[in-house]
Amino acid sequence: MSLTLKENFFWSFLGNGVYGVFQWLVIIVLCKMGSPEMVGHYALGISICTPVFVLASLNMRFVQATDAHHLFSFSHYWGLRLITSSLALLIVLLIVMTLGYQLELAGVILMLGIFKLLEGLSDTIYGFLQRNEQMNFIGISLVIKSGLALLALVITLSFGRQLFWGVSSLVLASALTLIWYDCFRCRQLLASAHRLPVRRGFLDLVRTFRPAWEKTVTHRLVRISLPLGLVGMLVALTFNIPRYFIQHYWGAKVLGLYSAMFQLMLAGSVVTMALGQALQPRLAIYFACRKIDAFCRTLAQAAGIAGLLGGVGLLFSLLFGKHLLTVFYNFEYARHASSFQWIMIAAIFYYIATILMFAVTAMRAFKNLLFPYTASVLLAGLSSWCLIPKFGIIGAAWSLCIINVFNGGSLTLTVALLLSKSFAEAIPSKEKSDGILY
Numbered sequence: 001m002s003l004t005l006k007e008n009f010f011w012s013f014l015g016n017g018v019y020g021v022f023q024w025l026v027i028i029v030l031c032k033m034g035s036p037e038m039v040g041h042y043a044l045g046i047s048i049c050t051p052v053f054v055l056a057s058l059n060m061r062f063v064q065a066t067d068a069h070h071l072f073s074f075s076h077y078w079g080l081r082l083i084t085s086s087l088a089l090l091i092v093l094l095i096v097m098t099l100g101y102q103l104e105l106a107g108v109i110l111m112l113g114i115f116k117l118l119e120g121l122s123d124t125i126y127g128f129l130q131r132n133e134q135m136n137f138i139g140i141s142l143v144i145k146s147g148l149a150l151l152a153l154v155i156t157l158s159f160g161r162q163l164f165w166g167v168s169s170l171v172l173a174s175a176l177t178l179i180w181y182d183c184f185r186c187r188q189l190l191a192s193a194h195r196l197p198v199r200r201g202f203l204d205l206v207r208t209f210r211p212a213w214e215k216t217v218t219h220r221l222v223r224i225s226l227p228l229g230l231v232g233m234l235v236a237l238t239f240n241i242p243r244y245f246i247q248h249y250w251g252a253k254v255l256g257l258y259s260a261m262f263q264l265m266l267a268g269s270v271v272t273m274a275l276g277q278a279l280q281p282r283l284a285i286y287f288a289c290r291k292i293d294a295f296c297r298t299l300a301q302a303a304g305i306a307g308l309l310g311g312v313g314l315l316f317s318l319l320f321g322k323h324l325l326t327v328f329y330n331f332e333y334a335r336h337a338s339s340f341q342w343i344m345i346a347a348i349f350y351y352i353a354t355i356l357m358f359a360v361t362a363m364r365a366f367k368n369l370l371f372p373y374t375a376s377v378l379l380a381g382l383s384s385w386c387l388i389p390k391f392g393i394i395g396a397a398w399s400l401c402i403i404n405v406f407n408g409g410s411l412t413l414t415v416a417l418l419l420s421k422s423f424a425e426a427i428p429s430k431e432k433s434d435g436i437l438y
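The letter at position 299 of the sequence shown is residue 299 when you use this note's numbering, and the numbering goes up by one with no holes.
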């Protein structure tokens, strides 16, 4: 039985909120129980794996969740995800071999790659659950995974402060959640849809998750999903390019300091993401019905809330920046409070740009995001090259500001152009309506 809109929003906000806090707590645990170098190695692994696996995901969950006409079966999504995720892990392995990292760091990066692969498989199940409006199962899954992973990380680091084993514990928690909860709920829902009994045997599990690899269908699914996958990869690259420059010019310790402060900016994005996801269906309806005034009013209110959230974060960083960094991390991070303030300036524009991106996707203008984010990647590379080698962390914070101001401006322009085009199409020509031809 499908949940109501309010119930789905509650579970979506709870699950994403808890998982966002979990990602931040991982950084805090590494800061408290490890060192800035350990945080830096973890951040480097994430920054290498994320763009690769985001591209591999092809943002299929969005396509899957909005597949109202059931053009593709769950087996088609599952089969394509197995292929793309396996290729992504192979690419990560090739990157590690090419860059010649030390054995311990290489092991950490590969384990993070496996963690991302498992996340991708769970994401395919989440897409199926979301399409059937069962956000409660997704929320519960994220809560279970976050709790297990954080507990496993703390226990592992308590016995031996080795990052490799800490990341391995995250992989184990993710695998257990996938097998014992996600797969069971998915199989239960599939059986219900086909009016079949739910069996718990291993062979039944294998049959349920048997991938479907049909060349024509898979090619069509890739063609639909690829633009969204490219946009996701570009977004990931935009925010990870400064990390590559920090690692190259300043090393893992400085990267760890920067990444810990950057994570505080991402904490606020949990609210903007939930707000965007909640408003996206309504914006889509307004745009489809050519209710431009209602669309603009709703978007302006959401962008205002996002900007206000960023402003509050900036105010806290100005008044309590050193204290917050000391409490959350330690005194070594508090020395860079000025860089943290610049990061929170960037957060204002980042939160607004997030809402604007939801607006563009609500208009289903996916390809219109390719140019702004391609330009953003180039700008990230240029600003990082100019600022980070000389200025270090604060140079990375300045680069982040430049990137997010550009993203906010380019997405505002994109939305304005799409709305003006829609407005022009919504006004029928009087001559045509009167049947007069010129």
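Positions of the beta carbon are idealized from the N, C-alpha and C atoms, including for glycine.
Please report how far the alpha carbon of residue i lies from the alpha carbon of residue j, in whole angstroms.
i    : j    : result
S85  : G392 : 34 Å
M60  : V270 : 21 Å
W11  : S75  : 26 Å
P211 : P372 : 35 Å
L369 : M233 : 12 Å
F349 : S384 : 18 Å
L190 : I179 : 16 Å
L417 : G408 : 14 Å
S339 : Q162 : 29 Å
Along the alpha helix (DSSP H) that carries residue i, what are the first and last residues, could you check?
i    : result
R443 : Nothing can be reported for residue 443: it is not among the residues displayed for the chain, which extend from 1 to 438.
L356 : A337 to A362
Q475 : As displayed, the chain neither begins before 1 nor continues past 438, which places residue 475 out of reach and without an answer.
K390 : L370 to F391
D182 : Note, D182: premise wrong, no alpha helix (DSSP H); not H, not E.
H41  : P36 to S57
S86  : F74 to L99
N136 : M135 to F159
F62  : M60 to A65
E119 : L103 to R131
A334 : F331 to A334
Assign residue i to one of two classes, buried (16 or more other C-beta atoms within 10 Å of its C-beta) or exposed (fewer than that).
i    : result
I155 : exposed
W342 : buried
G160 : exposed
K145 : buried
I345 : buried
H41  : buried
I403 : buried
V254 : buried
S192 : exposed
I246 : buried
Compare the Cα-Cα distances from residue i to each of the options and report the closest residue.
i    : options                  : result
S422 : T374, R290 and Y77       : R290
V26  : L151, T98 and S122       : L151
L30  : G127, T412, L3 and A260  : A260
Q277 : L189, Q130 and A337      : Q130
Q301 : P242, E214, L275 and M33 : L275
V377 : L230, L172 and Q64       : L230
L157 : S399, W385, M33 and V21  : M33
G381 : L417, A337 and A236      : A236
A56  : E37, Y249 and V92        : V92
I28  : L58, F328, S174 and L117 : F328
Could you confirm whether any beta carbon from chain C is found closer than 8 Å to the beta carbon of residue i?
i    : result
L105 : Here there is only one protein chain, and chain C is not present.
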